[in-house]
Amino acid sequence: MNNYSPRLSRLIEALRKLPGVGPKSAQRMAFHLLDRDRAAAEKLAAALGDALGGIGRCKTCRMFCEDEACRYCTPARRAGGQLCVVETPADLMALEAGTSYRGRYFVLMGRLSPLDGIGPAELGLSVLQEVLLEGDVQEMIVATNPTVEGEATAYYLAEMAKAAKVKVSRIAHGVPMGGELEYVDGGTLTHALSGRTPA
Amino acid sequence: MSRARIQLQPAWVLKASAYSDTSLLVEAFTPSHGRIGLVARGARTAKSRPRALLQAFRPLLLSWTEAGDLGTLTGVEASPAAAFEFRGETVFSGWYLNELLLRLLQRHDAHPVLFEAYGEALAALIPTGERALRRFEMTLLAELGFGIDLPPDLDPSLHYFHRNGEEPVPGAADAEDSYSGRTLIALRDDQLETVEDLRAARRLLRGALAEHLGTKGLSTATMLRDLRRSLERVPTPGSGS
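Those sequence lines, one after another, are chains A and B.
First residue of the first sequence: 1, per full-length UniProt numbering; consecutive thereafter.
First residue of the second sequence: 1, per full-length UniProt numbering; consecutive thereafter.
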């Protein structure tokens, strides 16, 4: 099979753990780091070690955070009284980058899916419940994806918010910006029509 | 090896999970090919059109090429019938049906009768709830060759012992595995109406299915219980927890 020396094969195996990296690209990356750019390799090793040691999860919003005070749980964000629930850190980043929303977040790290063994414990719903009961949150915005699992999750989040007497809203779904009705699937069009807003 | 091409077969997605970096592994249920595993290449990329369609409880027409255990998805079209949109706990009933099929069907075993029963069960979930589940379980067991034998001459005033694979025999009312004749007749004729009959039928079918499910329970049922419990635990604000 391969004729790598032990250290080299360990490096290549480690690089293959990255998404989208197969054996060939892993070999190319390893040779590049070892041969052409050892300084970059050192930087990468230090950054990785530093990140692993210094980045944890925020206890209240479950987003990655570096310091004790999470940048998405600041007093200024709390003051707005809005809490947006998303499935993944990437969803949070998309909302931060693409919208003017500057309230708090809660990251589920998944969605309800019994067939994959993802339930209330995996999603940290008890943490969310505590946040809702603290009384700071006036409105919970449910921004889970419009899939079967995402909708089921949204239903349970709404039940939790109602039990905690917190107002709850769901993000709209419908025709994308710049889209054409002709090419939108029937399910999306149905939602777009039933969720229409006064113009 | 020759690769069979299958065009626009009616199908339901039972489960779709991440597969390698950008693909989906779709477990689908079809009438003529039974339960199949299909790889949808590139379905998790931003521009993927099929991804929105590859959802559970949505009638689809799938095309794929067959090679070995896993096929490759080559086309997805929405069937003209509308997708079922289950709200709240009903979606768990739908997932329960999917889990039964995933656990109990072998891949590539054709089950046209069961396919029809699945579509009917989904359609009946909202109007008839649990009754639809019991009816589907009866069909599923029969299709697997473990049908529950309920003879036509049951007496509604008697109680019967039921053991898997055997005909019910009259017995005492308070014994374990004992069911009233009324329940068994209602189950046989798909006439389950009362809460007691539904509960007894669930007990009977759970026992019958457990024999084939092995030691691992069904996660849909466990998770629904967990969720109900976690919602009940919510203290009202200001009540001091």
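Note that CB positions come from ideal geometry on N, CA and C, so glycine has one too.
Chain order gives the chain A residues near residue 17/B as 113, 115 and 116, where near means a beta carbon separation below 9 Å. Along the stretch 137 to 151 of chain A, the positions whose C-beta sits under 7 Å from a C-beta of chain B are 147 and 148, read in chain order. Using a CB distance below 7 Å, no part of the stretch 169 to 203 of chain B faces chain A. Where residue 160/B is concerned, the enclosing beta strand (DSSP E) starts and stops at 159 to 161.
Residue 159/A has a beta carbon lying within less than 8 Å of a beta carbon in chain B. In terms of Cβ geometry, residue 83/A and residue 104/A form a close pair [threshold 8 Å]. One alpha carbon belongs to residue 58/A, the other to residue 102/A, and they sit about 17 Å apart. Inter-segment contact for the stretch 180 to 195 of chain B and the stretch 130 to 140 of chain B is present: three or more beta-carbon pairs are separated by less than 8 Å. For the stretch 130 to 167 of chain B, the full-length alpha helix (DSSP H) segments reaching 4 residues or more read 130 to 144 along the chain.
Proximity to residue 23/A across 31/A, 13/A and 32/A peaks at 13/A, based on C-alpha coordinates. Residue burial is scored here from C-beta neighbours: residue 86/B has at least 16 other C-beta atoms within 10 angstroms and is therefore classed as buried. Residue 202/B carries a helical assignment under DSSP once its states are collapsed to helix, strand and coil.
Rounded to whole angstroms, residue 110/B and residue 77/B show a C-alpha spacing of 21 Å. Using a Cβ-Cβ cut-off of 9 Å, residue 185/A is close to 49, 52, 53 and 78 of chain B, given in chain order. Residue-level contact by beta carbon fails for residue 100/A and chain B, as no gap is shorter than 8 Å. Contact annotation for residue 99/B against chain A: 114 and 115 [CB-CB distance below 9 Å, chain order]. The beta carbon of residue 220/B sits closer than 8 Å to some beta carbon of chain A. Under DSSP, residue 10/B shares a beta bridge with 61/B. By DSSP's assignment, residue 198/A forms no beta bridge with any residue. According to DSSP, residue pairing for residue 141/A in a beta bridge involves 84/A and 169/A. Taking 8 Å as the threshold, the shortest C-beta distance from residue 20/A to chain B falls below it. Per DSSP, residue 84/B is not a residue of any beta strand (DSSP E), being assigned neither H nor E. The three-state reading of DSSP puts residue 180/B in strand, counting E and B together. Between the C-alpha atoms of residue 196/A and residue 173/A there is a straight-line separation of about 10 Å. Listed in chain order, the non-local C-beta contacts of residue 53/B below 8 Å within the same chain comprise 60, 76, 77 and 78, local neighbours out to five positions each way being set aside. Residue contact check for residue 176/A against chain B: no CB pair falls below 8 Å. Below the 7 Å Cβ cutoff, chain A contributes 148 and 152 as neighbours of residue 91/B, in chain order.
In this structure, the alpha-carbon of residue 111/A lies about 44 Å from that of residue 167/B. Collapsing the DSSP output to three states places residue 43/A in a helix. For residue 105/A, the nearest beta carbon of chain B is not closer than 8 Å to its own beta carbon. Residue 230/B and residue 157/A have their C-alpha atoms some 11 Å from each other.
When 173/B, 157/B and 93/B are compared, the shortest CA-CA separation from residue 124/B is found for 93/B. Nearest Cα to residue 97/B within the set 173/B, 114/B, 164/B and 38/B: 114/B. For residue 156/A, the closest Cβ of chain B is nearer than 8 Å. Among the CB atoms of chain A, one or more fall inside 8 Å of the CB of residue 226/B. In the three-state DSSP reduction, residue 52/A falls in the helix class (H, G or I).
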